[in-house]
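Chains as they are written, first to last, in my numbering: chain C, 17 to 133; chain Y, -6 to 108.
Just so you know, even glycine gets a beta-carbon here, dropped at the ideal spot from N, CA and C.
Report on one structure; see the data block that follows.
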């Protein structure tokens, strides 16, 4: 079965430090890949996505992610954390099957990012 | 993208009662989905709301507990029936404008507490 793993349920960084949130997927065919952010008491907002083409994807709020097929990873990074980045981040995949094409979204467990002064 | 609204934004309900959550989109979309996010957890797909026909439910979710309507291409409702405290969750509506878009957009969610 297809799955997505987010390493680290909680990540804490200092303001101005590098943010790295890890996401790995299990799939023999590269799926579509997404990162969503959920701010407190809000819904999910799309940060960025990878479907095809350039493997380094830039998103909103200075975030970017790189698709690495050899590592089955799609880690999210931001060079300099801001206090406003504190939120829950979800990696999601849309697996591919030869019979049905790209299927439903599967979400990782989420990583809560804390940013301290 | 899409502008999605949900009503109510939050509610506190007594066990044994039912609550209907509405999802409205600012333009016609092909696909509408309902998710549940239990406290401190990730999202789980409840069902796909099909326009003009019965919803397609995921394993572990049944129509009697979560009846869904989708009368047109911009509106859907999810009812949580005969509620128990275990139903306390955030319920999120999401939409996909068309299959080629590849991307789902989410509403703000409805925060439900069952006492």
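Under 7 Å from the C-beta of residue i: neighbouring residues of chain C
i, result
"residue 146(Y)", "The shown model of chain Y, from -6 to 108, leaves out residue 146(Y), and the question about it has no answer."
"residue 102(Y)", "59"
"residue 38(Y)", "120"
"residue 98(Y)", "62"
Buried/exposed call for residue i, threshold 16 Cβ in 10 Å
i, result
"residue 110(C)", "buried"
"residue 21(Y)", "exposed"
"residue 36(Y)", "buried"
"residue 76(C)", "exposed"
"residue 98(Y)", "buried"
"residue 101(C)", "buried"
"residue 42(Y)", "buried"
"residue 41(C)", "buried"
"residue 108(Y)", "exposed"
"residue 96(C)", "exposed"
"residue 59(C)", "buried"
"residue 19(C)", "exposed"
"residue 52(C)", "buried"
"residue 31(Y)", "exposed"
"residue 121(C)", "buried"
"residue 72(C)", "exposed"
"residue 126(C)", "buried"
"residue 69(Y)", "buried"
"residue 89(Y)", "buried"
"residue 81(C)", "buried"
"residue 19(Y)", "exposed"
"residue 103(C)", "buried"
Partner residues on chain C for residue i, Cβ-Cβ distance less than 8 Å
i, result
"residue 157(Y)", "Residue 157(Y) is absent from the model: chain Y starts at -6 and stops at 108."
"residue 85(Y)", "59, 60"
Amino acids of chain Y, ordered along the chain, whose beta-carbon sits closer than 8 Å to that of residue i
i, result
"residue 67(C)", "95"
Closer than 9 Å at the beta carbon, the chain C residues around residue i
i, result
"residue 50(Y)", "Those do not exist, as residue 50(Y) stays about 12 Å from chain C at its closest Cβ, beyond 9 Å."
Listed by chain order, chain Y residues near residue i by CB distance under 7 Å
i, result
"residue 48(C)", "95"
Pairwise C-alpha distance: residue j and residue i
i, j, result
"residue 84(Y)", "residue 108(C)", "18 Å"
"residue 17(Y)", "residue -3(Y)", "6 Å"
"residue 104(Y)", "residue -6(Y)", "23 Å"
"residue 14(Y)", "residue 39(Y)", "14 Å"
"residue 38(C)", "residue 12(Y)", "37 Å"
"residue 62(C)", "residue 74(C)", "12 Å"
"residue 50(Y)", "residue 55(C)", "28 Å"
"residue 99(C)", "residue 45(Y)", "45 Å"
"residue 33(Y)", "residue 69(C)", "34 Å"
"residue 60(Y)", "residue 78(Y)", "18 Å"
"residue 93(C)", "residue 25(C)", "16 Å"
"residue 102(Y)", "residue 87(Y)", "9 Å"
"residue 72(Y)", "residue 82(Y)", "13 Å"
"residue 30(C)", "residue 128(C)", "14 Å"
"residue 24(Y)", "residue 48(Y)", "11 Å"
"residue 67(C)", "residue 9(Y)", "44 Å"
Quiz item: Taking the runs of the beta strand (DSSP E) that are 3 residues or longer, which of them lie wholly in the segment 80 to 107 of chain Y?
Solution: 82 to 89, 103 to 107
Self-check item: Every unbroken beta strand (DSSP E) within the segment 23 to 51 of chain Y, with a cutoff of 3 residues, ordered by chain
Solution: 24 to 30, 36 to 42
Self-check item: the segment -6 to 8 of chain Y touching the segment 47 to 56 of chain Y, judged by at least three CB pairs closer than 8 Å
Solution: no
Quiz item: Counting pairs of Cβ atoms below 8 Å between the segment 33 to 52 of chain C and the segment 59 to 67 of chain Y, do you hit three or more?
Solution: no
Quiz item: Per the contact definition of three or more C-beta pairs closer than 8 Å, is the segment 46 to 63 of chain C in contact with the segment 81 to 89 of chain C?
Solution: yes
Quiz prompt | Residue ranges of each beta strand (DSSP E) within the segment 59 to 95 of chain C, 3 or longer | solution = 60 to 66, 72 to 74, 80 to 84, 89 to 94
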